[in-house]
Amino acid sequence: MTNTSLTLGEVADRLDLACRGDRARPLTGLATLANAEAHHVSFLANAKYRKFLHETRAGAVIIAKNLVDDCPVDCLLADDPYLAYARLSQLFDDAPMLPAGIHSTAVVASTAQIDASAAIGPLCVIGEGVVIGAEVSVGAGTVIGANCRIDAGSKLHPRVTLLHGVTLGSGCAVHSGAVIGGDGFGFAPIHAGERRGQWERIAQLGSVHIGRNVSIGCNTAIDRGALDDTVIADNVIIDNLVQIAHNVQIGEGTAIAGSVGIAGSAIIGAHCMIGGGAGIVGHVQIADGVQIQARAFIVGSIDKPGAYASGTGMMELRDWRRNAVRFSQLEDMYKRIVELEKQLSNRQ
Amino acid sequence: MTNTSLTLGEVADRLDLACRGDRARPLTGLATLANAEAHHVSFLANAKYRKFLHETRAGAVIIAKNLVDDCPVDCLLADDPYLAYARLSQLFDDAPMLPAGIHSTAVVASTAQIDASAAIGPLCVIGEGVVIGAEVSVGAGTVIGANCRIDAGSKLHPRVTLLHGVTLGSGCAVHSGAVIGGDGFGFAPIHAGERRGQWERIAQLGSVHIGRNVSIGCNTAIDRGALDDTVIADNVIIDNLVQIAHNVQIGEGTAIAGSVGIAGSAIIGAHCMIGGGAGIVGHVQIADGVQIQARAFIVGSIDKPGAYASGTGMMELRDWRRNAVRFSQLEDMYKRIVELEKQLSNRQ
Amino acid sequence: MTNTSLTLGEVADRLDLACRGDRARPLTGLATLANAEAHHVSFLANAKYRKFLHETRAGAVIIAKNLVDDCPVDCLLADDPYLAYARLSQLFDDAPMLPAGIHSTAVVASTAQIDASAAIGPLCVIGEGVVIGAEVSVGAGTVIGANCRIDAGSKLHPRVTLLHGVTLGSGCAVHSGAVIGGDGFGFAPIHAGERRGQWERIAQLGSVHIGRNVSIGCNTAIDRGALDDTVIADNVIIDNLVQIAHNVQIGEGTAIAGSVGIAGSAIIGAHCMIGGGAGIVGHVQIADGVQIQARAFIVGSIDKPGAYASGTGMMELRDWRRNAVRFSQLEDMYKRIVELEKQLSNRQ
Chain Z
70 MTNTSLTLGE
80 VADRLDLACR
90 GDRARPLTGL
100 ATLANAEAHH
110 VSFLANAKYR
120 KFLHETRAGA
130 VIIAKNLVDD
140 CPVDCLLADD
150 PYLAYARLSQ
160 LFDDAPMLPA
170 GIHSTAVVAS
180 TAQIDASAAI
190 GPLCVIGEGV
200 VIGAEVSVGA
210 GTVIGANCRI
220 DAGSKLHPRV
230 TLLHGVTLGS
240 GCAVHSGAVI
250 GGDGFGFAPI
260 HAGERRGQWE
270 RIAQLGSVHI
280 GRNVSIGCNT
290 AIDRGALDDT
300 VIADNVIIDN
310 LVQIAHNVQI
320 GEGTAIAGSV
330 GIAGSAIIGA
340 HCMIGGGAGI
350 VGHVQIADGV
360 QIQARAFIVG
370 SIDKPGAYAS
380 GTGMMELRDW
390 RRNAVRFSQL
400 EDMYKRIVEL
410 EKQLSNRQ
Chain A
70 MTNTSLTLGE
80 VADRLDLACR
90 GDRARPLTGL
100 ATLANAEAHH
110 VSFLANAKYR
120 KFLHETRAGA
130 VIIAKNLVDD
140 CPVDCLLADD
150 PYLAYARLSQ
160 LFDDAPMLPA
170 GIHSTAVVAS
180 TAQIDASAAI
190 GPLCVIGEGV
200 VIGAEVSVGA
210 GTVIGANCRI
220 DAGSKLHPRV
230 TLLHGVTLGS
240 GCAVHSGAVI
250 GGDGFGFAPI
260 HAGERRGQWE
270 RIAQLGSVHI
280 GRNVSIGCNT
290 AIDRGALDDT
300 VIADNVIIDN
310 LVQIAHNVQI
320 GEGTAIAGSV
330 GIAGSAIIGA
340 HCMIGGGAGI
350 VGHVQIADGV
360 QIQARAFIVG
370 SIDKPGAYAS
380 GTGMMELRDW
390 RRNAVRFSQL
400 EDMYKRIVEL
410 EKQLSNRQ
Chain D
70 MTNTSLTLGE
80 VADRLDLACR
90 GDRARPLTGL
100 ATLANAEAHH
110 VSFLANAKYR
120 KFLHETRAGA
130 VIIAKNLVDD
140 CPVDCLLADD
150 PYLAYARLSQ
160 LFDDAPMLPA
170 GIHSTAVVAS
180 TAQIDASAAI
190 GPLCVIGEGV
200 VIGAEVSVGA
210 GTVIGANCRI
220 DAGSKLHPRV
230 TLLHGVTLGS
240 GCAVHSGAVI
250 GGDGFGFAPI
260 HAGERRGQWE
270 RIAQLGSVHI
280 GRNVSIGCNT
290 AIDRGALDDT
300 VIADNVIIDN
310 LVQIAHNVQI
320 GEGTAIAGSV
330 GIAGSAIIGA
340 HCMIGGGAGI
350 VGHVQIADGV
360 QIQARAFIVG
370 SIDKPGAYAS
380 GTGMMELRDW
390 RRNAVRFSQL
400 EDMYKRIVEL
410 EKQLSNRQ
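Protein chains in written order, with the working numbering: chain Z, 70 to 417; chain A, 70 to 417; chain D, 70 to 417.
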């Protein structure tokens with residue numbers, strides 16, 4: 070699966086884990102318990118996969134200490150096997166890396182400052198006044214507008230767009246197709262005069278400020294602020310095709326799954342979990358630690374942690390049609406229940 | 070905040086507003102009433118911010134004429150302060166502009182006609198027969214297919230794609246990542262023969278015709294028509310990540326918020342407001358002046374103005390689970406109400 | 070409408086259809102029955118348009134054999150007129166095609182193998198070890214990562230991104246802005262230590278494997294797998310702005326409309342139809358032949374064919390507000406019905 074080969078001992082040392090078994094065993098990749106072969110490391114992080122443990126043919130398994138006696142093969146002992154698996158995966162990551170330096174076909178403004186250890190891929194465009202830190206990688210075809218700042222170790226995948234003035238902290242990943250710093254959707258309606266019924270554009274004078282270790286998914290859009298900045302705090306992770314409107318603020322460590330939409334000036338707390346396809350209206354405030362279920366539509370502020378949902382369950386279309394009709398009659402059904410209660414109570 | 074400096078008198082003249090106070094006062098930016106300092110212009114456009122007026126430290130405030138006596142600082146008098154703010158914001162817009170001319174790294178077909186005042190950024194690709202008008206700006210990495218026409222003053226941000234034959238009126242803005250003129254999603258199912266169960270592509274022979282002063286958001290997709298064109302009328306504003314399918318028609322001045330999806334051949338009237346994340350099925354007709362709430366799913370035509378919604382409110386997950394179960398029993402609940410009514414009525 | 074001119078006889082021969090009328094009649098395009106003129110072919114594939122047949126001014130009409138006597142003009146006789154229309158549309162498709170060969174501005178790695186009949190557009194980037202088959206077309210500005218394989222006849226439109234190691238079967242179409250092989254959204258929470266509350270990235274070591282004759286829409290994102298590959302089978306058609314997360318598997322011939330989101334490790338069967346804006350949670354299994362209504366949210370596995378839906382119908386905002394309030398009281402309404410039933414039954 071990968072081109073990397075490490076011994077079990079090397080893996081244990083790099084992950085700082087105790088190991089049991091043949092430290093010289095060569096390992097060339099990762100696989101699930103069910104699929105692993107002798108040259109694979111596997112892991113047991115979820116109790117429901119425990120049934121696969123006794124039959125695994127993995128070379129070694131990352132496992133919680135209390136399960137070590139159940140493991141039929143070599144093992145690596147972890148307090149948190151899932152976290153150890155995450156770190157292990159990085160050891161075997163053989164995604165190609167750009168070499169340091171500026172590709173000859175990149176178009177780089179004369180006032181841009183690019184660290185010598187940074188890699189700028191083919192056909193990138195780097196604007197005036199841009200500052201790019203150490204070991205930053207900028208993938209092919211990426212466009213970085215004037216006066217952006219990208220801190221050390223951040224990775225922009227191919228074909229990303231940063232408009233002018235965006236700042237990106239260290240250790241971030243921005244995936245292909247993402248657009249950061251596009252104009253917020255701000256227009257004033259024209260109510261009178263010959264341009265009545267048209268829209269006057271509100272220039273978006275703020276920017277986007279992104280913290281450290283933030284991940285931004287493919288084709289996600291994060292708009293610049295109208296007056297103040299749109300702000301994404303440290304350690305936020307954002308999946309693909311997410312829309313983040315102008316002046317949104319997202320607190321530290323919050324996770325946002327794919328296809329979410331967050332309207333303007335919403336303030337999301339720290340360590341929230343926002344499920345896929347959820348929507349949040351503008352100008353609301355969501356407390357720290359809130360969990361929003363997938364596809365939920367959040368129409369107001371939430372002032373305490375907890376899980377929130379909206380919508381209906383799924384059902385067969387035939388049943389759904391009947392129930393959906395009754396939904397549109399709910400007010401009437403409610404009144405009929407009240408009327409029944411009144412009649413019965415009058416007779417007692 | 071910006072690099073522009075204007076005196077209060079200059080601002081008043083440019084916006085054609087009366088002013089009260091020191092016409093020589095230097096102003097270098099905009100800010101909200103609460104954040105503004107002496108070099109800022111602010112504005113009061115929403116009654117709920119009126120409480121910030123008496124404490125503002127702004128150099129000047131745009132304000133409705135009837136509130137002028139409440140304003141503790143210099144002011145600009147506007148019939149419509151929000152509209153005046155929009156125009157003001159443009160005065161202080163210091164987004165970098167491309168210089169006129171064709172960047173040496175752009176790939177321009179020999180038959181393209183590009184006005185001398187237009188700006189074509191680095192690494193753009195301009196196809197055969199393209200016509201680009203005066204003062205058009207085409208951002209870095211943008212691709213314009215054969216025979217497109219872009220009228221005067223339109224601005225394409227970096228990394229936009231226009232496929233062949235698209236026409237864009239004057240004064241439009243197309244934001245990064247937008248794709249205009251991709252193939253509509255048209256396929257005929259194959260019901261017989263050795264290719265049974267496969268799809269036959271329907272070539273999309275129409276194009277996309279976009280009017281004047283239209284704004285199209287980041288990573289939005291507008292497909293070309295199957296036989297006739299997809300048509301976006303003048304003054305339509307479209308936010309990010311919106312999907313507009315083939316042969317959709319959108320009437321003048323309509324506003325479409327982020328993450329909306331509009332299916333094929335839907336006809337949307339003029340001056341509609343479509344909230345974020347809403348969906349509209351294909352082949353429906355929506356009257357002028359309709360307001361569609363965020364996340365509403367419009368499954369049929371709407372023949373008169375008004376506001377329309379669907380879905381449920383949000384609630385805590387625990388409560389939602391119980392109510393969602395009952396939703397799936399609504400038909401049964403309805404019948405039980407009817408049965409109760411019948412029994413009670415039989416006893417009277 | 071197009072630059073192609075064919076005689077009726079040529080059209081009949083190319084589509085392998087019988088024709089009635091003047092085989093020498095010149096035809097230069099397609100149009101609907103209502104809009105067609107003498108140089109157009111039209112078609113009658115849907116009974117609701119039959120009313121336009123007797124008045125059509127089309128030069129010829131594709132029509133089912135049993136309707137031939139109703140057709141006032143020349144006709145082409147088809148078992149499946151809609152399928153014949155699809156094939157006809159391809160005859161008149163005059164979308165510009167890239168010439169074979171590698172554009173001088175493309176950046177192609179020395180180890181890439183590109184068939185001599187393939188066309189690589191301007192400003193493309195082709196990585197190390199890429200293999201590109203016969204008559205493949207790669208549009209302007211497209212980036213293809215290392216070790217991708219693209220089989221014969223596939224067409225990548227401008228500004229597509231394939232990250233490393235993606236394989237694409239023959240006859241595929243990938244539309245502008247699509248991103249295939251971005252990192253899956255995989256992170257392990259850090260529960261202890263000084264990085265508590267942060268996320269550890271899980272390197273995504275799988276890739277994306279796409280079958281033959283697959284169509285992928287504009288700005289759609291398909292993520293690479295965590296350990297195993299994300300797999301899209303032959304003849305799948307996917308519209309714009311669709312999110313397909315890591316390790317999703319999609320069966321042969323399935324159609325996915327715009328703005329759909331499919332979460333990680335969901336397994337979708339063959340010949341399913343997924344309506345626009347629908348969502349599917351992760352780790353579920355959907356049987357072959359399932360129809361998911363537009364905007365439905367699928368929260369569990371579906372083990373038999375059929376149509377499934379969720380949500381509510383649309384209604385005027387005023388009515389919706391009342392009903393939505395009652396939705397949040399459904400559990401209470403249910404209990405009141407039960408109580409009424411108990412009281413009535415006690416009295417009988």
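Think of the CB as a built atom: it goes at the ideal place given N, C-alpha and C, for glycine as much as any other residue.
Quick caveat: nothing in here was measured; it's all calculated off a predicted structure.
Residue i vs residue j beta-carbon contact at 8 Å
{"i": "H108 of chain Z", "j": "P95 of chain Z", "result": "yes"}
{"i": "P150 of chain A", "j": "L113 of chain A", "result": "yes"}
{"i": "I213 of chain Z", "j": "V205 of chain Z", "result": "no"}
{"i": "A346 of chain Z", "j": "G322 of chain D", "result": "Strictly speaking, residue 346 of chain Z in this sequence is Gly, with Ala absent from that position. Contact flag unset, no."}
{"i": "P227 of chain D", "j": "T230 of chain A", "result": "yes"}
{"i": "N288 of chain D", "j": "N309 of chain A", "result": "no"}
{"i": "F161 of chain Z", "j": "G90 of chain Z", "result": "no"}
{"i": "V311 of chain Z", "j": "G275 of chain Z", "result": "no"}
Interface flag, residue i vs chain A, CB-CB below 8 Å
{"i": "S158 of chain D", "result": "yes"}
{"i": "N288 of chain Z", "result": "yes"}
{"i": "Y154 of chain D", "result": "yes"}
{"i": "F254 of chain D", "result": "no"}
{"i": "A326 of chain Z", "result": "no"}
{"i": "D292 of chain D", "result": "no"}
Test: residue i CB closer than 8 Å to a CB of chain D
{"i": "A215 of chain A", "result": "yes"}
{"i": "G322 of chain Z", "result": "yes"}
{"i": "E410 of chain Z", "result": "yes"}
{"i": "G348 of chain Z", "result": "no"}
Extent of the continuous beta strand (DSSP E) to which residue i belongs
{"i": "A129 of chain D", "result": "129–133"}
{"i": "Q360 of chain Z", "result": "359–361"}
{"i": "A175 of chain Z", "result": "From DSSP, A175 of chain Z is part of no beta strand (DSSP E); its letter is neither H nor E."}
{"i": "R83 of chain Z", "result": "No beta strand (DSSP E) contains R83 of chain Z, which is instead part of the alpha helix (DSSP H) from 77–84."}
{"i": "R94 of chain Z", "result": "No beta strand (DSSP E) holds R94 of chain Z; DSSP gives it neither H nor E."}
Collapsed DSSP secondary structure at residue i in the structure displayed
{"i": "E385 of chain Z", "result": "strand"}
{"i": "A376 of chain Z", "result": "strand"}
{"i": "F112 of chain A", "result": "strand"}
{"i": "H329 of chain A", "result": "Per the sequence shown, the amino acid found at residue 329 of chain A is Val instead of His. Looking at V329 of chain A - three-state DSSP - the assignment turns out to be coil, as it is neither helix nor strand."}
{"i": "S407 of chain D", "result": "Checking the displayed sequence, the identity of residue 407 of chain D turns out to be Val instead of Ser. V407 of chain D falls in the helix class under three-state DSSP."}
{"i": "M70 of chain A", "result": "No answer about M70 of chain A holds up, because its pLDDT of 47 lies below 50 and its placement is not dependable."}
{"i": "A187 of chain A", "result": "coil"}
{"i": "P141 of chain D", "result": "coil"}
{"i": "S179 of chain D", "result": "coil"}
{"i": "A100 of chain A", "result": "coil"}
{"i": "A393 of chain Z", "result": "helix"}
CB contact check: residue i to chain Z, cutoff 8 Å
{"i": "S379 of chain D", "result": "yes"}
{"i": "T230 of chain D", "result": "yes"}
{"i": "R89 of chain A", "result": "no"}
{"i": "L86 of chain A", "result": "no"}
{"i": "T97 of chain A", "result": "no"}
{"i": "E106 of chain A", "result": "no"}
{"i": "V194 of chain D", "result": "yes"}
Range of the contiguous alpha helix (DSSP H) that encloses residue i
{"i": "A155 of chain A", "result": "150–160"}
Exercise for the section: Entirely within the region 252–325 of chain Z and at least 3 residues each: give me those beta strand (DSSP E) ranges in chain order. Expected result: List check, beta strand (DSSP E) in window: 256–258, 268–270, 277–279, 290–292, 299–301.
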